[in-house]
Amino acid sequence: MRSNLIAGLDIGTTKTCAVIGELVGESRRRPELKILGVGQARTSGIRREVVTHIEETTESIRKAIEEAELMAGVSVDRVYAGIGGEHIQAQSSMGVVAVGDDEITRKDLDRVHEVARAVALPPDRELLHAIPQEYVVDHQSGIKDPIGMSGTRLETEVYLVTGASPSANNLRKAVSRAGYRIQALVLGTLASARAVLTEDEKEVGVAMVEIGAATTQIAVYFEGKIRHVGVLPVGGDRLTNDLVKGLSIPFGEAQRAKEQYGVAIAQLVDPQETVELPGPSPGQKRHVARELIAHVVEQRLDEIFGLVRDELEERELLSQLGAGVVLTGGTAALHGVVEMGQQVFAAPVRAGVPGEGLTGLADSVRRPRFSTVTGLALFGADRFHETGEGASTLSSGIVSKVGAWIREFF
Ligand SMILES: Nc1ncnc2c1ncn2[C@@H]1O[C@H](COP(=O)(O)OP(=O)(O)OP(=O)(O)O)[C@@H](O)[C@H]1O
Ligand SMILES: [Mg+2]
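Sequence positions in the sequence shown follow our numbering and run 23 to 432.
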């Protein structure tokens, strides 16, 4: 019986997806996750990453996890669920303690974390993450792991991420009504960064830009620390809406046209090439220059990239990106998106897809739209690797479901 199953659940604007993995290769520094199953359902009841209709969201969650369970041939009882949206806030916080004995122990570390975490939050906000950034021992800074060092004074800088409690509670409600438990709520942006960025990039300086359907999430790292998380309320849906107007076609058709024929830089398209799109009345067809679609896509994407660049510039982060920009999220599948990123950011740009640290059915998550959900499972794997906790237990989940099946059968 497996007891090291980890599940991630990402409720995006367009799709809700679940990934189930099994933790293997525990002796390594970073755990290896064997992907067993992936499930997807169309999301209902969500607007800009926030639950607006619980019943509908519950149904999407149930479908996605059940599909992943079916593919994996196992059941899970808990998930690492992604949270995001404009209600997320982040700040740095410092903590100082006197070292108990001469040598720094786990206990001193726990104490200094506790002090750094102790900021007063308004009653409608909750702490999602407290990420230790670095330690200072007797004024010597830049220390990653102070345990065992000698010193009298231990200081830490912790990156605190908070979210609105009502949003978190609605997510908990939807997941619990679907029959699962939330092991932890994880900022989706951090999960994606876990899935697509390397430790080297985080050291040298990198911005992850995840362009989804309704949002663009940004995470910036340098010197191995998280420096900024942000979200812009624009994404691939804007491109689709422009095509709806520009080509006078319904949203669904425009989405298909974008995904099938869209190109981020019109220059990359042969001006003679035409594509077939549905005509104004049912059964009719018409030919449209692919360049026209590309022009519409290019204009809007250029604007979105411009907003990202402005945000990075405003926070004086653009000059810190030695390793450049990593693009991910569904919209990063667009042909020519990397080239456009290079033009706008004047920095190295690559597309980021999950893959590192994954085995099993890793191919089924090797797409930019699966960064968040895969990162959530990897986050859970890291947690389990460190603490031995957070995996699905087989007691409640599988037994109750098998029980139900047996009752149905006999
Ligand atoms: N091949 C493609 N070319 C262009 N756009 C694509 C492609 N594949 C998917 N997209 C777009 O990516 C978007 C969906 O991305 P993703 O699945 O990351 O979003 P989401 O997680 O549902 O939304 P959000 O993160 O904003 O809540 C949609 O706008 C979709 O049209
Ligand atoms: Mg998303």
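All C-beta atoms, glycine included, are put in the ideal place defined by N, C-alpha and C.
Predicted, not measured: the structure shown is a model, and the values here were computed from it.
Buried/exposed call for Phe273, threshold 16 Cβ in 10 Å:
exposed
Indicate the three-state DSSP secondary structure (helix, strand or coil) for Tyr202 in the structure shown.
coil
Spatial neighbours of Pro145 within its chain, please: C-beta separation below 8 Å, excluding the five flanking residues on both sides.
Ser187
Check whether the segment 196 to 207 and the segment 122 to 136 are in contact - that is, three or more C-beta pairs closer than 8 Å.
no
Sort out for me which residues DSSP pairs Ala373 with in a bridge.
Leu349
Nearest CA to the CA of Gln155: which residue from Ile248, Arg405, Ala279, His407?
Ile248
Short check: CB of Gly234 to CB of Thr178, under 8 Å?
no
At a cut-off of 7 Å, would you count Thr394 as near ligand 2, judging by its Cβ distance to the nearest heavy atom?
yes
Roughly how many angstroms lie between the CA atoms of Phe244 and Val180, to the nearest whole one?
15 Å
Assign Val256 to one of three DSSP states: helix, strand, or coil.
coil
Could you check how far apart the C-beta atoms of Val371 and Gly363 are, in whole angstroms? I think they sit under 8 Å.
4 Å
Can you check which of these residues, Gly104, Gln321, Gly410, is closest to Gly210 by C-alpha distance?
Gly104
How long is the line joining the alpha carbons of Ser417 and Ala229, rounded to whole angstroms?
Summary for Ser417: the model assigns pLDDT 47, below 50, so the residue's position carries little reliability; its value from the coordinates is reported in the next sentence. Approximately 41 Å, taken between the alpha carbons.
Classify Arg64: buried if its beta carbon has 16 or more other beta carbons within 10 angstroms, exposed otherwise.
exposed
Considering only their Cβ atoms, is the gap separating Ile42 from Leu58 smaller than 8 Å?
yes
Considering only residues of the same chain and omitting the five flanking positions on each side of Val183, which have a CB-CB separation below 6 Å?
Ala112, Leu150, His151, Leu209
If you draw a straight line from the alpha carbon of Val46 to that of Ala213, how long is it in whole angstroms?
19 Å
Quick check: the segment 373 to 385 against the segment 257 to 266, are there 3 or more CB pairs under 8 Å?
no
Based on the DSSP output, what are the partners of Ile57 in its beta bridges?
Gly43, Gly382
Would you tell me roughly how many angstroms separate the C-alpha atoms of Ala217 and Val366, rounded to the nearest one?
24 Å
Completely contained alpha helix (DSSP H) runs for the segment 151 to 203, where each covers 4 or more residues
187 to 199
Which of the three DSSP states is assigned to Ala235 in this structure?
coil
Provide the residue(s) that pair with Phe244 in DSSP beta bridges, ordered along the chain.
Lys247
If contact is defined by three or more beta carbon pairs under 8 Å, each pair taking one atom from either stretch, is the segment 321 to 333 in contact with the segment 296 to 312?
no
Could you check the C-alpha separation between Leu349 and Gln321 for me, to the nearest Å?
18 Å
Continuous alpha helix (DSSP H) stretch holding Leu299: start and end
From DSSP, Leu299 is part of no alpha helix (DSSP H) but of the beta strand (DSSP E) over 296 to 300.
Simplified DSSP assignment, three categories, for Glu108
coil
For Val310, report the span of its beta strand (DSSP E) as first-last.
307 to 311
Verify whether the separation of the beta carbon atoms of Gln205 and Arg100 is less than 8 Å.
yes
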